[in-house]
Amino acid sequence: MTDVLPLVEHFALGLDAPICLTWELTYACNLACSHCLSSSGRRDPRELSTAQAKAVIDELQRMQVFYVNIGGGEPTVRADFWELLDYATAHDVGVKFSTNGIRLDAEAARRIAANSYVDVQISIDGATAEVNDAVRGQGSYDVAVQALQHLADVGVSAKLSVVCTRHNISQLDAFKAIADRFGAQLRLTRLRPSGRGADVWDELHPTQAQQRELYDWLVLHGEGVLTGDSFFHLAAYGEALPGLNLCGAGRVVCLIDPVGDVYACPFAIHDAFLAGNVLGEGGFARVWRESELFLELREPQSGGTCRSCDQYDACRGGCMAAKFFTGLPLDGPDPECVKGHGELGLAAVAPGTAPKPSLDHSHKGGVRGGPVPIQIGRRRPDKACDENPLSALIP
Amino acid sequence: MLDLAFDLSPGVSIRPESFGALLYHFGTRRLSFLKDPRLLAVVQQLPGSASAREACLSAGLAADELPAYARALTTLVATDMIKERT
Chain G
6 MTDVLPLVEH FALGLDAPIC LTWELTYACN LACSHCLSSS GRRDPRELST
56 AQAKAVIDEL QRMQVFYVNI GGGEPTVRAD FWELLDYATA HDVGVKFSTN
106 GIRLDAEAAR RIAANSYVDV QISIDGATAE VNDAVRGQGS YDVAVQALQH
156 LADVGVSAKL SVVCTRHNIS QLDAFKAIAD RFGAQLRLTR LRPSGRGADV
206 WDELHPTQAQ QRELYDWLVL HGEGVLTGDS FFHLAAYGEA LPGLNLCGAG
256 RVVCLIDPVG DVYACPFAIH DAFLAGNVLG EGGFARVWRE SELFLELREP
306 QSGGTCRSCD QYDACRGGCM AAKFFTGLPL DGPDPECVKG HGELGLAAVA
356 PGTAPKPSLD HSHKGGVRGG PVPIQIGRRR PDKACDENPL SALIP
Chain Z
25 MLDLAFDLSP GVSIRPESFG ALLYHFGTRR LSFLKDPRLL AVVQQLPGSA
75 SAREACLSAG LAADELPAYA RALTTLVATD MIKERT
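Protein sequence lines correspond, in order, to chains G and Z.
So the mapping is simple: our numbering equals the position in the first sequence, first residue as 1, plus 5.
So the mapping is simple: our numbering equals the position in the second sequence, first residue as 1, plus 24.
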């Protein structure tokens, strides 16, 4: 007899349908966040039509995909956004959508409140406008807070969705306070070197000390804080964090992009992880069940150079996309390996050789009020050969 | 527990998988896993049965297996996946 427990071993071999999937409805976005995982900005002329999107929903209903995580780009700028949302929930496909809040006025909030199968995530990457706007663009903090207010006004418990960076790890308590103020739930996720994120990863990804701080904070707050299971590489510190501690790419999750292309995961928009297109013969179900790439991902993994590490069973080598876009081998350590093995690997990657994203829909020339990176505490070494970060502090 | 009758809670869907099934509750957004095809069979029998015991026996369980399955059903009640019929 067995009990009602998560079954990592089955999941690693894949399921008949994803548990949930990410569906980016458009590459269009009013913002130009410096770390955008899908290099969004401009709409792609080949994006799925309303009828095509509804056909995808019909198929998800048949496959019993219980909910989709809708994102973009900024999904709410699609003219048929609310129509698709209502269509999905009327067809037993729950919707969780991520937005920067630009279209989330009082009327939209009422609409969300009236549909019990919809969850909304407001993205914010700093607990202060200064830290947030440096990454997401001028004014974006105020827009997000306004959206949270509209949702709180109609009694909707939103999710406050934060990508953890070097500049906001010190603000975890402040994020929690903002979430509490609006009756929202905090969701923290990992910064990946995907899309434009590759360009800023070196400056923005948390330091080793910050990773430890984040891990301790997550352990302290347990299931009260959502993580999208994105920090399983931190399990190598000891105790596993709540959730599925494995890479679900092509096994329990995947991405459908705005043109209907199916990738192994939302952070892997690259030809190497492209499994097919929902418009092809057999539709999404065939891509999920039969594509060569997904079948390969469901094969037992060798573990590669990580196999000899005593923590391999905890972190399972970390995030595939993070390795790929930093130029590391997929069967070796994660670039943010808590044991430091990733840093050694990164030092061996020749500059400029990491794979670039296959697509780029970034705004040409940026947007007004676009992000301006902040520089904090980074003094040049006093001498060319002086790499000691403490040197400036020694009198 | 075994003498009571149960139904699936409103808003709960079952998706069979090779290892058993996924249960999703659209109201609580909670996902549960039935790791055992026989437990899935029991859950599927519940709505048509006068008691949990009857559902277990219809699913082909032996009498000495009932306590373990009763514990699993108790977990499903606690997470509101199934509900006592009233």
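Quick reminder that beta carbons are idealized off the backbone N, C-alpha and C, glycines included.
Beta-carbon proximity check, residue i vs residue j, cutoff 9 Å
{"i": "G:A58", "j": "G:S45", "result": "no"}
{"i": "Z:A94", "j": "Z:V67", "result": "no"}
{"i": "G:P23", "j": "G:V258", "result": "yes"}
{"i": "G:D124", "j": "G:F102", "result": "yes"}
{"i": "G:S199", "j": "G:S43", "result": "yes"}
{"i": "G:L231", "j": "G:K164", "result": "yes"}
{"i": "G:F71", "j": "Z:L58", "result": "no"}
{"i": "G:V168", "j": "G:T194", "result": "yes"}
{"i": "Z:L32", "j": "Z:A76", "result": "no"}
{"i": "Z:A29", "j": "Z:L81", "result": "no"}
{"i": "G:E29", "j": "G:G76", "result": "yes"}
{"i": "G:E88", "j": "G:T55", "result": "yes"}
{"i": "G:V4", "j": "G:I274", "result": "Missing from the structure shown is residue 4 of chain G; chain G here goes from 6 to 400 and no further."}
{"i": "G:P376", "j": "G:G78", "result": "no"}
{"i": "G:C41", "j": "G:V73", "result": "no"}
{"i": "G:L36", "j": "G:R141", "result": "yes"}
{"i": "G:D138", "j": "G:S128", "result": "no"}
{"i": "G:L335", "j": "G:G347", "result": "no"}
{"i": "G:G309", "j": "G:G337", "result": "yes"}
{"i": "Z:R53", "j": "G:D21", "result": "no"}
{"i": "Z:A65", "j": "Z:A83", "result": "yes"}
{"i": "G:A245", "j": "G:K344", "result": "no"}
{"i": "G:A355", "j": "G:E341", "result": "no"}
Residues bridged to residue i [DSSP beta-bridge criterion]
{"i": "G:D207", "result": "Partner(s): none; G:D207 has no beta bridge."}
{"i": "G:W28", "result": "G:I75, G:I261"}
{"i": "G:V231", "result": "This sequence places Leu at residue 231 of chain G; Val is not what is there. Answer by DSSP bridge pairing, in chain order: G:R192."}
{"i": "G:T104", "result": "G:I127"}
{"i": "G:Y146", "result": "In the DSSP output, where bridge partners are listed per residue, G:Y146 has none listed."}
{"i": "G:D266", "result": "G:N282"}
{"i": "G:A33", "result": "G:G46"}
{"i": "Z:K107", "result": "Z:D31"}
{"i": "Z:P61", "result": "Z:P61 is not bridged to any residue."}
{"i": "Z:H49", "result": "Z:V36, Z:R54"}
{"i": "G:A4", "result": "Residue 4 of chain G cannot be examined here, being either before or after the span of chain G that is shown, 6 to 400."}
{"i": "G:K164", "result": "G:Q126, G:Q190"}
{"i": "G:E295", "result": "Partner(s): none; G:E295 has no beta bridge."}
Proximal residues of chain Z, C-beta to C-beta of residue i below 7 Å
{"i": "G:D21", "result": "E41"}
{"i": "G:F71", "result": "S37, Y48"}
{"i": "G:Y122", "result": "F50"}
{"i": "G:H15", "result": "F43"}
Nearest candidate by alpha-carbon position, reference residue i, set the options
{"i": "G:G229", "options": "G:F86, G:Q190, G:R83, G:A60", "result": "G:Q190"}
{"i": "G:P360", "options": "G:I379, G:G347, G:F329, G:G142", "result": "G:F329"}
{"i": "G:C38", "options": "G:R201, G:R171, G:R195", "result": "G:R201"}
{"i": "G:R294", "options": "G:R312, G:V267, G:R217", "result": "G:V267"}
{"i": "G:L239", "options": "G:A254, G:D276, G:G322", "result": "G:G322"}
{"i": "G:D339", "options": "G:P263, G:R197, G:G160, G:H226", "result": "G:R197"}
{"i": "G:R48", "options": "G:H366, G:V372, G:G371", "result": "G:H366"}
{"i": "G:F299", "options": "G:A280, G:V354, G:P305", "result": "G:A280"}
{"i": "G:E297", "options": "G:L251, G:I117, G:W206, G:A277", "result": "G:A277"}
{"i": "G:V292", "options": "G:V136, G:G255, G:T310", "result": "G:G255"}
{"i": "G:W206", "options": "G:F187, G:T170, G:D221", "result": "G:T170"}
{"i": "G:G19", "options": "G:P378, G:G253, G:V148", "result": "G:G253"}
{"i": "Z:D111", "options": "Z:A86, Z:H49, Z:F43", "result": "The requested residue 111 of chain Z is not part of the displayed model; chain Z covers only 25 to 110."}
{"i": "G:A184", "options": "G:C342, G:N173, G:S166, G:S175", "result": "G:S166"}
{"i": "G:A319", "options": "G:A326, G:M325, G:C311", "result": "G:C311"}
{"i": "G:A182", "options": "G:L351, G:C342, G:V150, G:D336", "result": "G:V150"}
{"i": "G:A17", "options": "G:H368, G:S307, G:N105, G:T81", "result": "G:S307"}
{"i": "Z:R109", "options": "Z:A92, Z:G72, Z:A83", "result": "Z:G72"}
{"i": "G:F289", "options": "G:L302, G:A326, G:A269, G:A241", "result": "G:A269"}
{"i": "G:G243", "options": "G:E286, G:G332, G:G285, G:Y220", "result": "G:Y220"}
{"i": "Z:P61", "options": "Z:P34, Z:K107, Z:L85, Z:A74", "result": "Z:L85"}
{"i": "G:F272", "options": "G:D178, G:T331, G:Y317", "result": "G:T331"}
{"i": "G:L373", "options": "G:V159, G:Q143, G:G350, G:Y122", "result": "Checking the sequence shown, residue 373 of chain G turns out to be Arg, not Leu. The shortest C-alpha separation from G:R373 is found at G:Q143."}
{"i": "G:L302", "options": "G:M325, G:A352, G:D315, G:G287", "result": "G:M325"}
Chain G contact residues for residue i, given Cβ-Cβ distances below 8 Å
{"i": "Z:L90", "result": "Result: empty, since nearest Cβ-Cβ is about 10 Å, beyond 8 Å."}
Chain Z residues whose Cβ lies nearer than 9 Å to that of residue i
{"i": "G:D97", "result": "S37, F50"}
Contacts that residue i makes with chain G (C-beta to C-beta distance below 7 Å)
{"i": "Z:L70", "result": "Correct list: empty, because the minimum Cβ distance to chain G is about 15 Å."}
Cross-chain neighbours of residue i in chain Z, by beta carbon under 8 Å
{"i": "G:I24", "result": "L46, L55"}
(message) So, does the region 204-219 of chain G touch the region 232-250 of chain G, judging by three or more C-beta pairs under 8 Å?
(response) yes
(message) Using a Cβ distance threshold of 8 Å, determine whether the region 82-96 of chain G contacts the region 52-70 of chain G, with at least three qualifying pairs required.
(response) yes
(request) Mind the definition here: the region 113-124 of chain G touches the region 146-161 of chain G only if three or more C-beta pairs lie below 8 Å; say whether that holds. (result) yes
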